[in-house]
Amino acid sequence: MEIKRYQNYIGSSWKDSSNSRVVQIKSPCDGTVVSEIADSNTDDVNEAVTEAKRAFYEEDWAFNPRLRATVLSKWAIKMRENFDMLVERLSLESGKPLNEARIEINNAIGYMEYSSASARTLYGTNTSVNENSMNIMVREPVGVVVGIEPWNYPITLMVRDSIPALAAGNSLIIKPATQTSGVSMEVIKLLNDIPELPKGICNAITGPGHIVGPAFSEHPDVDMVTMTGGLDTGKDIMRRAAGTMKKVSLELGGKSANVVFADCDWQKALTFCSQAIFSNAGQTCTAASRLVIDEKIADKFLAELVEIAENIKPGYCLDPETTMGPVSSESQMNKILNYTEEAKEYSECLTGGHRYLENDCDQGYFIAPTIFLNPPVNSPIVQEEIFGPVLVVQTFKTEEKAVELANCTRYGLASGVWSQDLNTVMRVSRKLRSGNVWVNSYNRFFPECETGGYKESGSDRASGIDGFLKYTEIKNIAMDYS
Ligand code: NAD
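Written out as structure tokens, the structure is:
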């Protein structure tokens with residue numbers, strides 16, 4: 002396997018980090034090295050910010066929405082032309098099965114196309130309060146935006162959450178998650194073939210989050226940080242950004258619940274409840290890691306769910322037979338196993354709860370699909386985001402209790418409601434404290450629609466009109482013609 006080497010992209014040039022050091026990226030399937038990336042530090046951060054600031058003020062971008070639309074639409078086309086290469090690199094670095102990698106790149110292209118279209122829709126408003134004045138509210142880009150990305154859906158989320166900043170006229174610096182920096186840089190490399198992009202408007206640097214991240218959050222010339230990732234990281238960014246009052250937009254974690262009533266569409270609910278936790282090995286921010294189910298149907302439903310879980314085939318990412326990949330790293334695997342070992346002491350484990358070693362998986366970080374039944378509400382596996390293929394089942398007798406259980410954590414990212422009764426669906430959907438509620442489906446995302454978290458799952462929204470307008474300031478130009 003060829004080890005690919007990636008440099009930083011600053012001012013439209015490719016360069017090593019200032020210390021010339023590299024970090025190796027290992028496949029979570031078997032520990033082999035697949036990529037090498039630049040090990041950037043604060044000097045590289047400063048260089049990228051200086052260049053992004055220069056570009057914002059000097060290049061033809063902030064006031065040229067048609068050019069922005071052209072560049073982003075060409076970028077989407079380049080992604081489509083390089084589809085297979087991007088899928089393979091994504092699969093190798095993240096460990097996700099090829100089919101999941103295909104879905105991800107496809108979704109990312111859809112978000113890129115949406116950003117291209119939205120670039121030409123930056124309208125303001127106006128109002129007048131007397132005959133001799135007119136207030137014009139103009140939408141303008143914020144300035145230098147830094148996009149800090151996660152590894153679980155590295156390409157979809159980079160495009161969904163950060164590219165709208167370019168569409169709105171900002172200059173952008175992308176900081177990919179270390180584990181998936183190679184495939185992220187492959188997407189950035191496609192810009193080499195888009196000569197219309199002005200120099201320095203889009204930059205990308207790799208490196209350790211705990212060094213590069215704080216340097217961006219505290220930098221006086223960064224106007225906004227947008228981050229998709231964990232809760233603790235989000236809090237750190239918010240604290241540091243307060244020093245310079247920069248804008249912060251956060252898409253964070255979750256502990257989402259699928260609420261299943263006795264009159265659900267049985268087969269559809271079963272399929273979606275399984276996919277909602279086991280796809281991407283449970284490493285989805287909106288994963289329905291809790292199943293809140295009517296106790297009248299719980300025994301039969303769970304027996305069938307356990308059977309589905311036991312038929313999932315963990316394995317090597319490029320093997321077309323594989324239906325579940327590994328978790329992202331050895332430390333993540335050990336963290337999950339700590340949760341499951343501890344949980345066995347206070348909860349019934351219906352299946353899994355251990356490392357998966359069959360099918361040549363012993364060199365990788367695989368966890369058997371796991372289901373726990375009725376742990377105490379305040380226990381760690383109910384309250385904390387595990388980020389692995391671990392489902393917690395909570396049973397209820399009444400609709401009121403179902404809502405109480407669904408809302409019982411500090412997170413509020415997403416929920417699902419399963420019932421064929423419109424009244425139940427509407428009553429419950431309105432009471433769930435989360436940014437997404439999927440009714441009789443799960444994890445359906447649309448570039449045109451907002452998504453994001455209530456409570457500690459984040460601030461702001463991604464995608465849709467709000468996910469675009471958050472990258473603007475509103476200027477009131479007040480005209481007096483008395
Ligand atoms: P993470 O918080 O560990 O890392 C996210 C990014 O932040 C990485 O690029 C990392 O290098 C960087 N980083 C690390 N420390 C930093 C610091 N102190 N300052 C600034 N940046 C720093 O998250 P992860 O492990 O990559 O992703 C998993 C988490 O992301 C989960 O909690 C998941 O729920 C969440 N997530 C949320 C969404 C959403 O849309 N709400 C989507 C995907 C993932």
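Under my numbering, think of the first position of the sequence shown as 2, with each following residue one higher. Where a beta carbon is used, it is the ideal one built from N, C-alpha and C, also for glycine. Just so you know, these numbers come straight off a predicted model, no measurement behind them.
- Taking the Cα of Glu449 as reference, the smallest distance to any Cα among Ala49, Gly125, Gly96 and Asp162 is reached at Asp162.
- If you draw a straight line from the Cα of Asn42 to the Cα of Glu187, it comes to about 21 Å.
- The beta carbons of Phe469 and Ala169 sit closer together than 8 Å.
- In the structure shown, Cys203 falls within a strand segment according to DSSP collapsed to helix, strand and coil.
- By the 16-neighbour rule on beta-carbons within 10 angstroms, Asp224 is buried.
- Shortest Cα-Cα distance from Ser257 to any of Cys203, Gln8 and Ile382 involves Ile382.
- Going by DSSP, Arg6 is part of the beta strand (DSSP E) stretching over Lys5 to Tyr7.
- The Cβ atoms of Asp266 and Asn136 do not sit closer than 8 Å to each other.
- Rounded to whole angstroms, Pro177 and Gly210 show a C-alpha spacing of 9 Å.
- Straight-line spacing of the CA atoms in Glu114 and Ile106 works out to 12 Å.
- Phe446 sits in coil when the DSSP states are folded into three classes, being neither helix nor strand.
- Taken atom to atom, the span from the alpha-carbon of Leu73 to that of Ser18 is near 27 Å.
- Counting of Cβ neighbours within 10 angstroms places Asp233 among the exposed residues, the total staying below 16.
- Counting the other CB atoms within 10 Å of its CB gives Tyr124 a total below 16, which places it among the exposed residues.
- Note on geometry: alpha-carbon atoms of Gly201 and Ala310 lie some 48 Å from one another.
- In this structure, DSSP gives Thr425 a helical state, which the three-state scheme calls helix.
- When secondary structure is reduced to three states using DSSP, Ile26 falls in the strand class.
- Pairing Arg22 with Asp194, the inter-Cα distance amounts to about 27 Å.
- Three or more beta-carbon pairs separated by less than 8 Å link the segment 212 to 220 to the segment 238 to 251, which places the two stretches in contact.
- With fewer than 16 neighbouring CB atoms inside 10 Å of its own CB, Ala479 falls in the exposed class.
- Per DSSP, the unbroken beta strand (DSSP E) holding Gly417 starts and ends at Ala415 to Trp419.
- For Ile11, the pairing in a beta bridge is given by DSSP as Ser14.
- Residue environment: Glu322 is assigned as exposed (fewer than 16 neighbouring CB atoms within 10 Å of its CB, all protein chains considered).
- The beta-carbon distance between Ile174 and Ala205, rounded to whole angstroms, is 7 Å. This is short enough to meet the 8 Å contact definition.
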